[in-house]
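A.B. asks: The sequence shown begins at 11 in the numbering used here and counts up one residue at a time.
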Amino acid sequence: MRPGKVRKNRLLAERPLPQDGSGRGRRPGRLRPARSVTVNLADSPLGWLHDRGHVTARQFAAGEQLRLDWEKAALAPVVTMQWDAPPLGKQTRLAPEEATPTMRQVAARRRFDAATAAVGPGLRDILWRVVCAGEGMRDAETALGWPVRAGKLVLGMALDRLADHYRMR
11 MRPGKVRKNR LLAERPLPQD GSGRGRRPGR LRPARSVTVN LADSPLGWLH
61 DRGHVTARQF AAGEQLRLDW EKAALAPVVT MQWDAPPLGK QTRLAPEEAT
111 PTMRQVAARR RFDAATAAVG PGLRDILWRV VCAGEGMRDA ETALGWPVRA
161 GKLVLGMALD RLADHYRMR
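1) Grouping DSSP H, G and I as helix and E and B as strand, with all else coil, what is G155?
2) Using the C-alpha atoms, what's the distance from A153 back to T112?
3) Taking the continuous alpha helix (DSSP H) assigned at L56, which residues delimit it?
4) Buried or exposed for E151, going by 16 or more other Cβ atoms inside 10 Å?
5) Counting only the same chain and skipping the five closest in sequence on each side, list residues whose C-beta sits under 7 Å from that of M167.
6) So for P111, helix, strand or coil by DSSP?
7) Among residues of its own chain, excluding the 5 on either side of D191, which ones have a beta-carbon nearer than 6 Å to its beta-carbon?
8) Which of helix, strand or coil does DSSP assign to L78?
9) So, with DSSP's three-state summary, where would you put L172?
10) Suppose you measure from the CA of T126 to the CA of L172; what does that come to, to the nearest Å?
11) Kindly indicate which residue of D149, V158, M147 and L137 has the alpha-carbon position closest to the one of L169.
12) My assumption, with CB atoms under 8 Å, is that V140 sits in contact with L56. Please give the rounded CB distance.
13) Measuring straight from C-alpha to C-alpha, what distance separates L76 and G161?
14) Ordered along the chain, which non-local residues of its own chain (more than five positions away) have a Cβ less than 6 Å from that of R68?
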């Protein structure tokens, strides 16, 4: 960890690594001990890149702002029923200056659309996949049909344009 950097909350878990299937150098009947790795389940792909110095603080802040608008707009697919909606027959009254959840979602959707439009059509694909959908860099490159390690460069350009759109220094 770099000096002066604050570490996020961590949710750590042990994940087993795939076993080596070669079988060479082992006596018959003896298995190699299982290996494992500690994984931070709360870390996003963008956070992972930022922690390892592949994304600047400015780029990270721009990506987090886009993800926040994505989540506020509720653009992710919904797979369950929404239990918080009021019944149709009963009307609830809100204070006039308070925005309803729908108005907040519409405003967030407009901010999200404006930000992705500012990034441009060639760059918004990788930006959406890594920042909003939470895909790893390897999965995003494969889905887009790009060569290995091309995604990190293109993501950096997309995040720079996004930071310019948000007027971040």
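Every residue, glycine too, gets a C-beta built ideally from N, C-alpha and C.
All values reported here derive from a predicted model rather than from experimental measurement.
C.D. replies: Checking against the coordinates, here is how it stands:
1) When DSSP states are grouped into helix, strand and coil, G155 belongs to the coil group.
2) 32 Å
3) P55 to D61
4) So E151 counts as buried.
5) Residues L133 of the same chain have their beta carbon placed closer than 7 Å to that of M167, with the five preceding and five following residues left out of the count.
6) Helix.
7) No statement about residue 191 is possible, as the shown extent of the chain runs from 11 to 179 and does not include it.
8) helix
9) helix
10) Between T126 and L172, the C-alpha separation is close to 8 Å.
11) L137
12) 6 Å
13) 18 Å
14) A173 and M178
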